[in-house]
Amino acid sequence: MKRALFLTLIFSGLLAIELPVGVVIPVSAATQGDLRQQNTQTSAVNASLTVPRMLPDASNALISSSRIPKEGSAIILSTPQDVGVGKQFTISGHIRDLAGGPVANATIHITLNGTILGDARSNPVGYFARNFSSKKLVAGTYTIDAYFNGTRLLYRSGASTHLTIHTGVIGVQTIPAISGITFEMDGKQYVTGQNGNFFIAVDNPGVHRLSVLVNLYNDPSQHIEFSRWLSGGVKPYLDVIVPSKNDYVQVGFNVFHQVGLSFVDQAKFPVNAQRVTQVTYRSVQGDVFVVSNGQPQWIPASRVARLANGLVPTPLLYSVISVISDGSNVVNSSQQQFYARPNDTWKISMLLYSIHFSASDGLFNFPTGSSINLVAPDGTVKNYPLDLAGTAEIHSLARGNYSVQLVGAVGLGSRTPVALSRNQDVSIKEISFLDLAVLSVLATILTLGLLLYGRPQIFSFLVRRNRPQAMAIDHALIESDGGNGLLMKGKGVRPNDDFVKWS
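Sequential numbering from 6 applies to the sequence shown in our numbering.
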């Protein structure tokens with residue numbers, strides 16, 4: 006009984022408190038209609054926006070029970086800026102009551118084409134904003150709805166706007182700039198223009214494979230070879246992520262040009278390329294090329310280097326190492342240098358010289374011989390006729406070591422070595438049989454002279470044999486006069502007798 010009485014007293018007290026305060030101001034249907042019309046004028050609500058139905062909660066029950074009237078609310082939604090595929094966008098706005106005052110700490114629900122994106126909360130001045138990503142959205146126009154569910158003091162409100170997502174653009178740049186190169190992405194082919202660039206429109210974010218179709222390139226003046234991507238890849242395809250930090254892609258190519266060779270001597274007169282058996286030249290990067298008979302050849306003209314500011318084409322400088330003609334190198338190594346340009350012809354200067362030959366008798370210096378045989382450094386022999394003066398002049402001879410032999414002279418034939426490194430005059434002296442005979446006579450006379458000059462007794466012997474009466478003197482009658490030069494009586498003639506004194 007006591008417990009029931011206590012509860013009855015408490016309930017009676019509550020009723021006593023409500024009666025003095027309970028001034029009920031009902032919200033009519035017309036008033037609510039006016040509030041809804043005002044929200045619609047502030048910001049149109051998308052008719053297709055799906056908003057969860059509000060169920061009665063404790064706050065509504067409290068308002069209903071306490072008879073406190075609700076106020077209207079309005080959302081002013083800003084239209085977001087257009088963005089590209091995969092880019093970030095921002096939804097922002099303000100929420101206010103009907104008097105224009107800010108509604109703080111209100112939860113704003115945001116949807117895109119009816120799909121919930123997320124919530125934003127207003128600050129003390131009623132401003133709310135939130136960033137969203139369009140990584141899963143294709144290009145197009147979308148409806149953005151923002152709504153407020155209301156509170157025990159505020160009615161529910163909402164607003165709508167639109168968001169435009171533009172097609173993404175990927176720029177492709179070739180290094181060096183080359184027109185006519187075909188690329189492929191998402192089943193579509195693209196060709197570079199005159200500036201070596203092109204652009205790809207991408208509707209879908211994500212990974213897209215960009216491939217280089219070098220085999221479709223056709224230019225008779227040059228060939229190309231895929232080199233690398235700016236990102237460092239060395240395969241002829243690149244997986245491009247949309248969106249990416251960079252809106253352009255650089256791709257490098259090695260360029261090849263066809264280069265022919267021509268040859269001149271030091272006086273700039275043409276030299277027949279058939280005389281050249283081999284040409285060797287080397288690029289600044291160390292690539293060595295060997296060409297026979299100066300035939301045109303495709304060689305790298307430029308390569309791509311990766312620097313801090315991107316890909317850069319590097320022209321290749323070539324140095325001529327050797328030119329072999331007649332078995333000898335007729336250039337100075339690395340002295341002549343060239344760049345490879347479209348349909349280019351390198352004019353290489355060869356070290357070719359002239360020789361003036363004169364053939365004469367070795368002793369009497371009269372012209373001799375009918376021709377000469379010239380042996381080149383490679384061992385080949387060529388015959389050149391001599392004129393009546395015994396001379397011949399040969400031009401355009403490769404630098405090197407030669408040997409020459411006189412033909413048609415009666416004498417001792419021999420080969421004369423010639424080291425050709427400049428224009429030269431070469432005199433050939435031939436020892437003829439006449440020269441040999443004269444030399445033999447002179448040698449005999451000289452030998453006899455030398456033999457008799459140191460032996461005077463030979464002359465004394467010859468004189469005595471020419472005077473036989475003096476040799477018949479009776480040696481017994483000879484008397485000594487006391488000199489050492491006379492024979493003693495009865496002695497024979499001594500080898501050192503003075504015949505003058507006997508006469």
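Just so you know, even glycine gets a beta-carbon here, dropped at the ideal spot from N, CA and C.
Taking residue i and residue j to be in contact with their CB atoms under 8 Å, please state how far apart those CB atoms are, rounded to whole angstroms.
{"i": "VAL269", "j": "MET355", "result": "7 Å"}
{"i": "PRO85", "j": "LEU168", "result": "5 Å"}
{"i": "PHE188", "j": "HIS228", "result": "Not a contact, Cβ separation roughly 18 Å."}
{"i": "ILE113", "j": "PHE94", "result": "Actually they do not touch by this definition, with Cβ atoms about 16 Å apart."}
{"i": "GLY521", "j": "PRO422", "result": "There is no way to answer for residue 521, as the model of the chain reaches only from 6 to 508."}
{"i": "THR285", "j": "SER333", "result": "With a Cβ gap of about 14 Å, THR285 and SER333 do not count as contacting."}
{"i": "THR148", "j": "SER165", "result": "6 Å"}
If you count every other CB in all the chains shown that lies within 10 Å of the CB of residue i, and 16 or more means buried, which is it?
{"i": "ASN220", "result": "exposed"}
{"i": "LEU67", "result": "In this predicted model, LEU67 has a pLDDT of only 39, less than 50, meaning its place in the structure is not dependable; the value taken from the coordinates is given anyway. Classification of LEU67: exposed, given that the 10 Å Cβ count is below 16."}
{"i": "GLY176", "result": "exposed"}
{"i": "ASN136", "result": "exposed"}
{"i": "VAL130", "result": "exposed"}
{"i": "TRP303", "result": "exposed"}
{"i": "VAL295", "result": "exposed"}
{"i": "ALA364", "result": "buried"}
{"i": "VAL239", "result": "exposed"}
{"i": "ILE521", "result": "The requested residue 521 does not occur in the structure, where the chain is confined to residues 6 to 508."}
{"i": "LEU411", "result": "buried"}
Whole angstroms is fine: what's the gap from residue i's alpha carbon to residue j's?
{"i": "LEU322", "j": "VAL336", "result": "18 Å"}
{"i": "HIS361", "j": "ASN348", "result": "40 Å"}
{"i": "LYS140", "j": "GLY173", "result": "11 Å"}
{"i": "SER419", "j": "GLY374", "result": "13 Å"}
{"i": "ALA345", "j": "ALA306", "result": "5 Å"}
{"i": "ILE180", "j": "ASN223", "result": "17 Å"}
{"i": "VAL451", "j": "VAL443", "result": "Inspection of the sequence shows that residue 451 is occupied by Leu rather than by Val. Cα to Cα, LEU451 sits roughly 12 Å from VAL443."}
{"i": "LEU158", "j": "HIS213", "result": "52 Å"}
{"i": "LEU391", "j": "TYR358", "result": "19 Å"}
{"i": "ILE96", "j": "ALA151", "result": "9 Å"}
{"i": "GLY89", "j": "SER236", "result": "23 Å"}
{"i": "PRO74", "j": "TYR253", "result": "60 Å"}
{"i": "VAL271", "j": "ALA182", "result": "Here the sequence assigns Gln to residue 271, which means Val is not the residue at that position. Their backbone Cα atoms lie some 39 Å apart in a straight line."}
{"i": "ALA313", "j": "ARG233", "result": "15 Å"}
{"i": "ASP366", "j": "LYS434", "result": "6 Å"}
{"i": "ASP124", "j": "GLY315", "result": "43 Å"}
{"i": "LEU82", "j": "GLY105", "result": "15 Å"}
{"i": "VAL317", "j": "ALA310", "result": "5 Å"}
{"i": "SER445", "j": "SER437", "result": "12 Å"}
{"i": "GLY413", "j": "GLY454", "result": "37 Å"}
{"i": "ALA109", "j": "LYS193", "result": "52 Å"}
{"i": "ALA206", "j": "ASP87", "result": "16 Å"}
{"i": "THR156", "j": "ASP191", "result": "51 Å"}
{"i": "GLY395", "j": "ASN388", "result": "14 Å"}
{"i": "ASN251", "j": "TYR195", "result": "20 Å"}
So what does DSSP say about residue i, is it helix, strand or coil?
{"i": "GLY89", "result": "strand"}
{"i": "THR452", "result": "helix"}
{"i": "ARG311", "result": "strand"}
{"i": "TYR242", "result": "strand"}
{"i": "ALA278", "result": "helix"}
{"i": "TYR222", "result": "coil"}
{"i": "LEU441", "result": "helix"}
{"i": "LEU447", "result": "helix"}
{"i": "LEU457", "result": "helix"}
{"i": "ALA403", "result": "strand"}
{"i": "GLN340", "result": "coil"}
{"i": "SER267", "result": "strand"}
{"i": "TYR160", "result": "coil"}
{"i": "VAL56", "result": "At VAL56 the pLDDT is 37, less than 50, meaning the model places this residue with poor confidence and gives no usable figure here."}
{"i": "SER138", "result": "strand"}
{"i": "TRP507", "result": "In this prediction, TRP507 has a pLDDT of 42, which is less than 50 and means its spatial position is unreliable; what the coordinates show is noted afterwards. Reduced to three states, the DSSP call for TRP507 is helix."}
{"i": "LYS193", "result": "strand"}
{"i": "PHE261", "result": "strand"}
Which residues in the same chain as residue i place their Cβ atom closer than 6 Å to its Cβ, once the five residues preceding and following it in sequence are excluded?
{"i": "VAL293", "result": "ARG287"}
{"i": "THR350", "result": "GLY265 and SER267"}
{"i": "SER162", "result": "ASN44, SER78, ALA79, ILE80 and PHE153"}
{"i": "PHE204", "result": "VAL174 and GLY176"}
{"i": "SER216", "result": "GLU189 and TYR242"}
{"i": "GLN3", "result": "Nothing can be reported for residue 3: it is not among the residues displayed for the chain, which extend from 6 to 508."}
{"i": "SER338", "result": "ILE326"}
{"i": "ARG308", "result": "ASN259 and THR319"}
Give every residue of the same chain whose Cβ lies closer than 7 Å to the Cβ of residue i, excluding the five residues on either side of it in the sequence, and list them in chain order.
{"i": "SER184", "result": "THR197, GLY198, GLN199 and GLY201"}
{"i": "GLY145", "result": "ILE170"}
{"i": "GLN342", "result": "LEU322, TYR323 and SER324"}
{"i": "PHE274", "result": "none"}
{"i": "VAL289", "result": "LEU321 and LEU322"}
{"i": "GLU398", "result": "SER359 and HIS361"}
Closer than 8 Å by C-beta to residue i: which residues in its own chain qualify, once you throw out the five before and the five after it? Chain order, please.
{"i": "GLN178", "result": "GLY201, ASN202, TYR253, VAL254, GLN255 and VAL256"}
{"i": "VAL331", "result": "The displayed chain sequence assigns Asp, not Val, to residue 331. The residues are ARG280, ALA381, PRO382, ASP383, THR385, LEU402, ALA403 and GLY405."}
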